[in-house]
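In the UniProt record's numbering, the protein residues as written are 1 to 317.
The structure appears right after this line, and notes come after that.
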Amino acid sequence: MDEIACPRCKTTKYRNPSLKLMVNVCGHALCESCVELLFVKGANTCPQCNITLRRTNFRLQVFEDAVVEKEVDIRKRVLKDFNKHEEDFESLRAYNDYLEEVETIIYNLTNDVDIEGTRRKIEQYKRENKTQIAKGKSKLSHDEELLQELLEQEQQEAELRRQQLLEEERTTQRDKIKQKEMLIDDLMFSDLPANKILATHGDRSKATANKPLPPKPTTAEFSTGIKFRHREAFLPVPKVQEGPLYSYTVLEVDLCGPSAPSPKTLASYTANVRAAADAEKAGGFISDYACQRALQDSFCGLFFRPTTPHRTEEEVS
Numbered sequence: 001m002d003e004i005a006c007p008r009c010k011t012t013k014y015r016n017p018s019l020k021l022m023v024n025v026c027g028h029a030l031c032e033s034c035v036e037l038l039f040v041k042g043a044n045t046c047p048q049c050n051i052t053l054r055r056t057n058f059r060l061q062v063f064e065d066a067v068v069e070k071e072v073d074i075r076k077r078v079l080k081d082f083n084k085h086e087e088d089f090e091s092l093r094a095y096n097d098y099l100e101e102v103e104t105i106i107y108n109l110t111n112d113v114d115i116e117g118t119r120r121k122i123e124q125y126k127r128e129n130k131t132q133i134a135k136g137k138s139k140l141s142h143d144e145e146l147l148q149e150l151l152e153q154e155q156q157e158a159e160l161r162r163q164q165l166l167e168e169e170r171t172t173q174r175d176k177i178k179q180k181e182m183l184i185d186d187l188m189f190s191d192l193p194a195n196k197i198l199a200t201h202g203d204r205s206k207a208t209a210n211k212p213l214p215p216k217p218t219t220a221e222f223s224t225g226i227k228f229r230h231r232e233a234f235l236p237v238p239k240v241q242e243g244p245l246y247s248y249t250v251l252e253v254d255l256c257g258p259s260a261p262s263p264k265t266l267a268s269y270t271a272n273v274r275a276a277a278d279a280e281k282a283g284g285f286i287s288d289y290a291c292q293r294a295l296q297d298s299f300c301g302l303f304f305r306p307t308t309p310h311r312t313e314e315e316v317s
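Below you can see the structure in the form of structure tokens.
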């Protein structure tokens, strides 16, 4: 992978560990120093594509590929206006056609295809759907509503935990003060020995420390009145009765003859056999396989004795 570097001053991440690359609408990257140097007056042209850029539009680079960075930026700007959802269409086919049109616009702007015509189409859409665009910006999709609900739930739970911790700290502090006052009173007015009083209060403190905490309070709705969405409960997957575990068994083949010699025994005999080529080795072939196969074929069936079938009296006559 190529090292991260500024295309203008050639400063690399190795030479400057704090190097930050920034991009604009064109997608070409410049380091932070080059941006400050070239855009002192607020606007200048890109050193690579000569497009007029503004300094305020520079942002930190997220993707290494300039095309991807440019496409992401264009997609964000286009989707601010093309913000319709599936429920805004009468059929799924109409919604898919709308999505295809949006992707075509993004592709044209990213790859410089019919820029002027594409921009005119965007302006025409913005004029014709001005009310719909404003309504879409204020309307959350189903996923956004779910995300917003989860965020509110997390904030509510965090607030409950914080309040509970504060209450526990205040209760603990009050108990400590109360026990201290009781200890002083017992030492001042009790007739018991001091060591026995201290032991009694020590046991009482341990019992208080080991006391189980009260259950956490639960709420059924947010502060706004929206009820929590309960997660659906699914039945457990039934267990399938499994068979016995697999155990490896060595394959035994009856060759009807003596066993072929091992490759170690035939090492001296196969020294003059043609070695396998590199292409053959790539497929897993070695010359010993062919020799072993030939010997196995030659020994196979040496002990075979054909038996004469029993003939009946009718066949003899």
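For glycine and all other residues, C-beta sits at the position ideal for the given N, C-alpha and C.
Backbone secondary structure at residue i - three-state DSSP
i             : result
valine 23     : strand
cysteine 49   : coil
asparagine 96 : helix
lysine 44     : Here residue 44 is asparagine; the residue named in the question, lysine, does not match the sequence. Looking at asparagine 44 - three-state DSSP - the assignment turns out to be strand.
leucine 109   : helix
arginine 54   : strand
alanine 5     : strand
threonine 307 : coil
Run of the beta strand (DSSP E) containing residue i, from where it starts to where it stops
i          : result
alanine 29 : 29-31
Per-residue burial, residue i [other beta carbons within 10 Å of its own, 16 or more giving buried]
i                 : result
threonine 224     : With a pLDDT of 47 at threonine 224, under the threshold of 50, the predicted position of this residue should be treated as unreliable, though the coordinate-derived value follows. Classification of threonine 224: exposed, given that the 10 Å Cβ count is below 16.
alanine 29        : buried
leucine 147       : exposed
residue 331       : With the chain running from 1 to 317 in the structure shown, residue 331 is simply not present.
asparagine 24     : buried
isoleucine 105    : buried
leucine 245       : exposed
valine 35         : buried
threonine 307     : exposed
glutamine 61      : buried
leucine 37        : exposed
phenylalanine 303 : exposed
aspartate 81      : buried
alanine 194       : exposed
aspartate 114     : exposed
alanine 260       : buried
Where the alpha helix (DSSP H) containing residue i begins and where it ends
i            : result
leucine 295  : 287-299
aspartate 88 : Segment: none, aspartate 88 is in no alpha helix (DSSP H) and carries neither H nor E.
glutamate 71 : 66-81
alanine 134  : 130-138
alanine 277  : First-last for alanine 277: undefined, no H or E at that position.
Spatial neighbours of residue i in its chain, beta-carbon cut-off 6 Å, leaving aside the 5 residues before and after
i             : result
threonine 52  : Thr45
glutamate 5   : At residue 5 the sequence reads alanine, which differs from the glutamate that was named. So the list reads Thr12, once near-sequence residues are dropped.
glutamate 100 : none
Own chain partners of residue i with C-beta closer than 7 Å, once the 5 adjacent residues on each side are dropped
i          : result
lysine 70  : Cys26, Gly27, Thr110
arginine 8 : Leu30, Cys34, Pro47
Cutoff 8 Å; reference residue i; Cβ partners in own chain excluding five residues on either side
i                : result
isoleucine 197   : Leu183, Asp186, Leu187, Ser190
phenylalanine 89 : Tyr95, Tyr98
residue 377      : Lying outside 1 to 317, the shown extent of the chain, residue 377 is not represented and no answer is given.
lysine 137       : Lys80, Asn83
isoleucine 122   : Val78, Asp81, Ile105
Among the options, the one whose alpha carbon lies nearest that of residue i
i             : options               : result
residue 327   : Val250, Glu86, Gln292 : Residue numbering for the chain in the displayed model covers 1 to 317; residue 327 lies beyond these limits and cannot be assessed.
alanine 279   : Leu92, Ser287, Cys49  : Ser287
glutamate 103 : Leu92, Glu123, Leu79  : Leu79
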